[in-house]
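A.B. asks: In full-length UniProt numbering, the protein residues as written are 1 to 218.
#1: So the alpha helix (DSSP H) residue 78 belongs to, where does it begin and stop?
#2: Between which residues of its own chain and residue 120 is the CB-CB distance below 6 Å, once the five residues before and five after are set aside?
#3: Taking 9 Å as the cut-off, decide whether the C-beta atoms of residue 117 and residue 97 are in contact.
#4: Assess contact between the region 163 to 180 and the region 86 to 101, defined as three or more Cβ pairs (one per stretch) separated by less than 8 Å. Is contact present?
#5: Nearest-angstrom Cα distance between residue 9 and residue 24?
#6: Start and end of the alpha helix (DSSP H) containing residue 118?
#7: The alpha helix (DSSP H) that contains residue 25, what's its start and end?
#8: Would you mind sorting residue 83 into buried or exposed? The rule is 16 or more other CB atoms within 10 Å of its CB.
#9: Quick check: residue 133 and residue 157, are their CB atoms within less than 9 Å of each other?
#10: Using a Cβ-Cβ cut-off of 8 Å (strictly less than) and excluding sequence neighbours within five positions of residue 108, which residues of its own chain qualify?
#11: Between the region 50 to 63 and the region 149 to 169, do three or more beta carbon pairs fall short of 8 Å?
#12: Which residue comes first and which comes last in the alpha helix (DSSP H) that contains residue 205?
#13: Please report the distance separating the alpha-carbon of residue 28 from that of residue 185.
#14: Name the one or two DSSP bridge partners that residue 69 has.
#15: With H, G and I counted as helix, E and B as strand and the rest as coil, what does DSSP make of residue 11?
#16: Between residue 46 and residue 99, is the Cβ-Cβ spacing less than 9 Å?
#17: Roughly how many whole angstroms lie between the Cα atoms of residue 165 and residue 173?
#18: Taking only the alpha-carbon atoms, compute the straight-line gap between residue 221 and residue 146 and give it to the nearest angstrom.
#19: For the beta strand (DSSP E) that residue 268 lies in, which residues bound it at each end?
What follows is the structure, given as structure tokens:
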């Protein structure tokens, strides 16, 4: 009588197949916390980013005339340089933020950290945009009060953006999805998030570890 060979059961070790180890609820909670902290830190960077944007962007000179105002140049470059500088700052910040997050938070690497990176990047540029919009409104209020002949310099603004969550919500309530999307066009506000996502994905692609962080059990 011969014994039949018992088929070997597949190994449950995730490293045999190269897959990432399973995450415990405690680990997922820590990942969520790390992603939230990262998002908050990036959001706070919107304040210095706004100040830098205001400093490095050339301003358009206006002169107050009877019944309104006029630019001192026929076609000022400052009209578009505000958007270009804003996008450029966001591009650099997105790349740096992704590299720092990948290097400094290696134990929390993964999709949740990437989500925090994206949310924080968008929030950072929204904060900077809102600060610029406030400066913009203060400028026009000053123009209306200024006497004729006074020269003033218009602060930079982001023109290629249409972000109105209230209008989008009102449109969704009546079933107008297209109108709602039209009110949520980030434009230049998405540059930092796109740069951060691309950079983080490249770093993940070069990782030698299936889990992206460490092969040691958590």
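Backbone N, C-alpha and C fix where the C-beta goes; we use that ideal spot for every residue, glycine too.
C.D. replies: Here's the rundown:
#1: 78 to 104
#2: Closer than 6 Å at the Cβ level, and outside the excluded window around residue 120, lie 38, 39, 42, 43.
#3: yes
#4: For the pair of segments examined, the region 163 to 180 was found not to touch the region 86 to 101: the number of CB pairs separated by less than 8 Å stays below three.
#5: With a pLDDT of 46 at residue 9, under the threshold of 50, the modelled position of that residue is not reliable, and no figure is offered here.
#6: In this chain, the alpha helix (DSSP H) harbouring residue 118 covers 111 to 145.
#7: 25 to 44
#8: Taking all protein chains shown into account, residue 83 has 16 or more neighbouring C-beta atoms within 10 Å of its C-beta and is therefore buried.
#9: Result yes, Cβ atoms of residue 133 and residue 157 sit closer than 9 Å.
#10: Excluding positions up to five away in sequence, the list reads 30, 31, 34, 35, 213.
#11: yes
#12: 191 to 205
#13: 32 Å
#14: Assignment of beta-bridge partners to residue 69 by DSSP yields 64.
#15: With a pLDDT of 45 at residue 11, under the threshold of 50, the modelled position of this residue cannot be trusted, and the question is left open.
#16: no
#17: Residue 165 and residue 173: Cα-Cα distance of roughly 12 Å.
#18: Limits of the chain in this structure are 1 at one end and 218 at the other, which puts residue 221 out of reach.
#19: Because the chain spans 1 through 218 in this model, residue 268 falls outside it and cannot be assessed.
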